[in-house]
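Encoded as structure tokens, the structure appears first; notes follow it.
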Amino acid sequence: MLTAAQKDFYAENGYLLVEDAVSPDQLARMQEITNRLIDASRQVTTSDEVYDLDTGHGPETPRLTRIKVPHKQDPYFWEVLRDSRMTEVLTDLLGPATTLLTSKLNTKAPGGGRAVEWHQDWAFYPHTNDDLLAFGLMLEDVTPDNGPLMVIPGTHRGPVLSHMANGVFAGAIDPDDPLFQPERAVTLTGRAGSMTVHHVRVLHGSAPNLSDRARKILFYEVASADAWPLLGAGSYFHGLGQRKFWEDLQERTITGAPCLTPRIEQVPIRMPLPPAPDTGSIFKTQDSAGARSAFTRA
Ligand SMILES: O=C(O)CCC(=O)C(=O)O
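Below, the structure is given as structure tokens:
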């Protein structure tokens with residue numbers, strides 16, 4: 001359970017760091033599954049439904065930006081979300097009924113693994129209310145030099161910045177946006193088993209991995225069950241049709257039950273359209289749209 005002080009901190013700042021979010025046994029099993037999945041990518045030559053490949057990927061040196069939808073690649077990633085300290089944190093922050101939107105395991109390879117440009121998740125998937133957040137479970141230690149997540153406190157209570165570039169939804173803000181204040185960024189590091197929590201509207205990003213260790217963070221994007229999706233850049237469930245959507249929604253229910261009466265709040269929304277040429281992952285969206293980088297500027 002979170003303390004009242006932790007809940008207040010989250011409400012004020014839009015992020016939180018929670019230590020020991022899973023048990024040592026759960027962590028060890030997730031590490032083993034992750035290493036097995038990375039190993040299985042050696043023969044993969046182009047990004048596909050499971051792997052998003054980084055430059056230099058090959059049989060000798062697997063270099064991935066991401067393992068996609070890990071809870072579909074191995075059910076253990078789903079089990080842990082439903083039965084660990086993470087589950088308590090979830091209901092503490094979002095209430096008794098919660099839904100998984102998707103999961104992703106960002107594996108930032110050693111020696112230059114890709115930056116994630118600054119963005120607000122909300123710009124990708126607006127909902128009827130903004131009671132949504134992302135967990136980032138650290139599967140290995142995260143240190144200042146291996147591309148930790150950075151957040152700008154309090155931005156979840158401010159405006160949603162433009163995520164457009166070259167006429168398309170680029171999934172990244174312009175580093176020269178006058179509302180962007182990188183000097184206020186907080187870096188979230190921790191031991192394996194620690195977890196970051198960030199509000200769907202908080203501005204966040206991460207630098208390239210300059211260390212000789214991979215940075216493996218397992219992200220779960222979750223919503224209060226009464227927040228209904230309006231659109232989702234890159235989300236698969238908008239294409240399912242009514243019957244499959246209903247089945248899928250039940251499968252994605254983490255706690256409680258689906259809520260069929262959306263809570264509609266006055267929230268700032270701009271649809272993430274037109275799409276970037278490649279929406280296969282955030283990396284592809286930002287690249288193919290020609291988003292400007294905040295991390296590679298002189
Ligand atoms: O991997 C990271 O550092 C950030 C990931 C993220 O924000 C995303 O995938 O939307």
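In the working numbering, the protein residues as written are 1 to 298.
Yeah, the Cβ is synthetic: ideal placement off N, Cα and C, and Gly gets one too.
Predicted model only: the values in this text are computed from it and were never measured.
1. Can you pull every residue whose C-beta falls closer than 5 angstroms to some heavy atom of ligand 1, listed in chain order?
2. Who are the Cβ neighbours of residue 1 in its own chain at under 7 angstroms, not counting the five residues just before and after it?
3. Measure the beta-carbon distance from residue 152 to residue 185 and round it to whole angstroms, keeping in mind my assumption that it falls under 8 angstroms.
4. Could you check which residue in 138, 53, 120 and 83 has the C-alpha nearest to that of residue 215?
5. How far does the beta strand (DSSP E) with residue 150 in it reach, from first residue to last?
6. Where does the unbroken beta strand (DSSP E) through residue 1 begin, and where does it stop?
7. How would you label residue 238, buried or exposed, when you count the other beta carbons within 10 angstroms and need 16 or more for buried?
8. Taking residue 287 as part of the alpha helix (DSSP H), name the residues at either end of that continuous run.
9. Put residue 19 into one of helix, strand or coil per three-state DSSP.
10. Given a cut-off of 8 angstroms, decide if residue 99 and residue 252 are closer than it, judged by their beta-carbon atoms.
11. Specify the secondary structure class of residue 66 as computed by DSSP and reduced to three states.
12. In chain order, what are the residue ranges of uninterrupted beta strand (DSSP E) at least 3 long that sit wholly in the segment 96-135?
13. Measure the CB-CB distance between residue 300 and residue 201 and report whether it falls below 8 angstroms.
14. Just how far apart, CA to CA, sit residue 96 and residue 296?
15. Residue 59: which of 38, 134 and 34 sits nearest, CA to CA?
16. Quick one: what's got a C-beta closer than 8 angstroms to residue 290's C-beta in the same chain, skipping five residues either side?
17. Excluding the five sequence neighbours on either side, which residues of its own chain have a C-beta within less than 7 angstroms of the C-beta of residue 122, listed in chain order?
18. Locate the alpha helix (DSSP H) running through residue 80, then write down its first and last residues.
19. What is the rounded straight-line gap between the Cα of residue 106 and the Cα of residue 67?
This is what the structure holds:
1. 106, 116, 149, 206 and 282
2. 88 and 92
3. 5 angstroms
4. With distances taken between Cα atoms, residue 215 lies closest to 138.
5. 149-151
6. Counting along the chain, residue 1 falls outside any beta strand (DSSP E), and DSSP gives it neither H nor E.
7. Using a 10 angstroms sphere on the CB of residue 238, the tally of other CB atoms stays under 16, which defines it as exposed.
8. 282-288
9. coil
10. yes
11. strand
12. Every beta strand (DSSP E) of 3 residues or more that sits fully in the segment 96-135 is shown, in chain order, as 98-106 and 116-119.
13. Shown here, the chain extends from 1 to 298; a query on residue 300 therefore has no answer.
14. 42 angstroms
15. 38
16. 165, 166 and 170
17. 130, 160, 200 and 201
18. 76-82
19. Between the C-alpha atoms of residue 106 and residue 67 there is a straight-line separation of about 7 angstroms.
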